[in-house]
Every structure is written in C-alpha cells, then in structure tokens.
Amino acid sequence: MNHKMQCNFVIPGDVVGTAEEVMPGEGTYVKGEHIRASTTGVTEVDSKERSAKVLPRTNAPVKLKMGDVVVGQITDLKESLAILRLAFKRGCESRPIHNTEALIHISRVKSSYVKDIRQVFGLQDIVKAKIIDDTPTIGLSIVDEDLGVVKAYCTRCATPLRLEGKRLVCPECEQVESRKLSTDFGMGMIR
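Count along the sequence shown from 1, add 13, and you get the number used in the numbering used here.
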C-alpha cells in the first residue's frame with residue numbers, strides 16, 4: 014500500500030499542514046501552528062512517517078544542510094586541506110549545485126592519522142562526502158566507509174586511474190597511487 018500521497022501545487026508561504034498532524038519535511042518550515050511551503054512545488058504527505066514535504070517543480074537552488082551527502086571535484090590541495098567545487102546533492106542529481114565550494118580538513122578523511130592530504134586525494138578527483146558543518150563555510154567528511162573518492166585521476170598524466178586489486182594504477186604511465194576510496198569507486202553511480 015502506498016502511504017505517500019502527492020497533493021496540491023503550492024508556492025512559498027502556502028499552508029501545507031498543521032504542526033499537530035504532521036512533521037515538517039524538506040521544502041517546508043513551521044510558522045505558528047502551520048507548516049508552510051518554502052519553495053514552489055507539489056506537496057507530498059507521508060501518512061506512515063506523519064510528515065509533509067514540498068517536491069520542487071522549479072530550478073530553485075538546492076538547499077544544503079548538515080548530514081547531506083554531496084559530490085564534488087577537488088580543485089585545490091593544501092597540506093592539511095582539500096577544496097572541492099560541489100556538483101550535486103544525493104537525491105537531487107538532476108539539480109546541479111552552482112558556484113559552491115566546500116572544504117575537507119585532513120582530520121576528517123580517515124579515523125587514523127594522515128600526514129599529508131595528498132595521500133588521500135589528487136587534483137580533479139571526484140569525491141562523495143557528507144556535510145558536517147554548514148556555517149560559515151561548508152565542511153565535509155569522508156570518514157564513513159561509503160564516502161571518499163569515486164573517480165581518481167593520475168597525478169602525473171591526468172588519466173583516470175583503474176583499481177587493480179587494492180592498488181590504483183594509471184593505464185597510461187603505470188603510476189601507482191593511493192586514495193581513500195568510496196565503496197562506489199568506479200561504479201559510475203552514487204548510492
């Protein structure tokens with residue numbers, strides 16, 4: 014039985030439900046006793062979870078919050094910091110994130126000690142990470158097993174690296190490299 018029901022088309026400020034009946038979900042906020050739409054879209058009420066959200070029907074910017082899983086590309090590496098240009102949020106793949114950078118500090122890449130962040134990332138690598146801080150700068154973590162590099166590039170010739178056993182090998186120049194890999198590495202999809 015389907016416990017999710019799509020209802021009305023709403024615009025920001027429209028009443029979606031009452032705070033007594035359902036919990037506010039994505040695309041909503043609480044004002045007084047009412048849950049209101051924060052974006053234009055279609056309401057979805059989940060009777061099992063007792064929640065209401067608004068599914069966007071516009072190209073509104075993706076809202077990022079703590080706990081969201083995002084994918085981005087490494088644009089710069091310092092000794093203890095990686096800078097990523099974010100591409101999309103998991104679950105919102107069709108709505109790209111524009112002009113947003115995030116940081117991964119070296120203490121947020123593994124549960125064990127890492128001397129240099131270049132042991133974990135290479136320039137242009139594609140990374141799946143979780144937002145752990147959203148003010149004032151977006152801070153990311155890849156400590157969880159499913160997080161990390163999903164596509165890696167050779168630091169010598171920029172060719173995509175292949176996983177051979179537990180080693181990353183460049184098919185062009187045969188350089189061997191290491192990364193903190195996501196369980197999604199090389200799959201071409203983000204779970």
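Glycine included, C-beta positions come from ideal geometry on N, C-alpha and C.
Comparing C-alpha positions only, which one of the options sits nearest to residue i?
| i | options | result |
| --- | --- | --- |
| Gly80 | Ile144, Leu153 and Arg108 | Ile144 |
| Lys44 | Val29, Glu57, Phe134 and Gly135 | Val29 |
| Thr41 | Ala50, Thr172 and Glu33 | Ala50 |
| Lys128 | Arg103, Phe134, Glu92 and Leu99 | Glu92 |
| Glu46 | Lys78, Thr53, Glu34 and Arg98 | Glu34 |
| Lys179 | Leu194, Leu136, Cys186 and Cys170 | Leu194 |
| Glu114 | Pro25, Gly135, Arg121 and Leu153 | Leu153 |
| Asp146 | Phe134, Val182, Val83 and Phe198 | Val83 |
| Ser60 | Arg103, Leu77, Pro37 and Arg70 | Pro37 |
| Glu190 | Phe198, Leu181 and Thr196 | Leu181 |
| Asn21 | Thr31, Ala32 and Val58 | Val58 |
| Arg103 | Ala32, His111 and Leu77 | Leu77 |
| Asp89 | Arg108, Ser125 and His118 | His118 |
| Phe198 | Pro149, Val140 and Gln188 | Val140 |
| Glu185 | Thr172, Ile48 and Thr196 | Thr172 |
| Glu158 | Pro149, Lys123 and Phe134 | Lys123 |
Where residue i and residue j are concerned, what is the direct C-alpha to C-alpha distance, given to the nearest angstrom?
| i | j | result |
| --- | --- | --- |
| Val23 | Ala65 | 12 Å |
| Glu177 | Asp138 | 18 Å |
| Val162 | Leu68 | 30 Å |
| Lys164 | Asp27 | 42 Å |
| Val75 | Cys167 | 31 Å |
| Pro87 | Leu97 | One point to set straight first is that residue 87 is Ile, not Pro, in the sequence displayed. The straight-line gap from Cα to Cα measures roughly 4 Å. |
| Met200 | Leu160 | 13 Å |
| Val55 | Leu99 | 26 Å |
| Cys170 | Arg70 | 42 Å |
| Thr53 | Glu39 | 12 Å |
| Ser107 | Arg175 | 27 Å |
Starting from residue i, trace the beta strand (DSSP E) in both directions and tell me its first and last residue.
| i | result |
| --- | --- |
| Val58 | Gly54 to Asp59 |
| Cys66 | In the sequence as displayed, the identity of residue 66 is Lys instead of Cys. Ser64 to Pro69 is the span of the beta strand (DSSP E), which, as asked, contains Lys66. |
| Lys76 | Run containing Lys76: none; DSSP gives neither H nor E here. |
| Tyr166 | Element bounds for Tyr166: n/a, residue is neither H nor E. |
| Gly30 | Val28 to Thr31 |
| Ala171 | Here Ala171 belongs to no beta strand (DSSP E), and DSSP marks it neither H nor E. |
Where DSSP assigns a beta bridge to residue i, which residues make up the other side?
| i | result |
| --- | --- |
| Leu181 | Leu176 and Glu190 |
| Phe22 | Val55 |
| Met36 | Ser64 |
| Thr41 | Ala50 |
3 or more residues per run - each beta strand (DSSP E) lying fully within the stretch 84-158: 94-102, 114-118, 139-146 and 151-154
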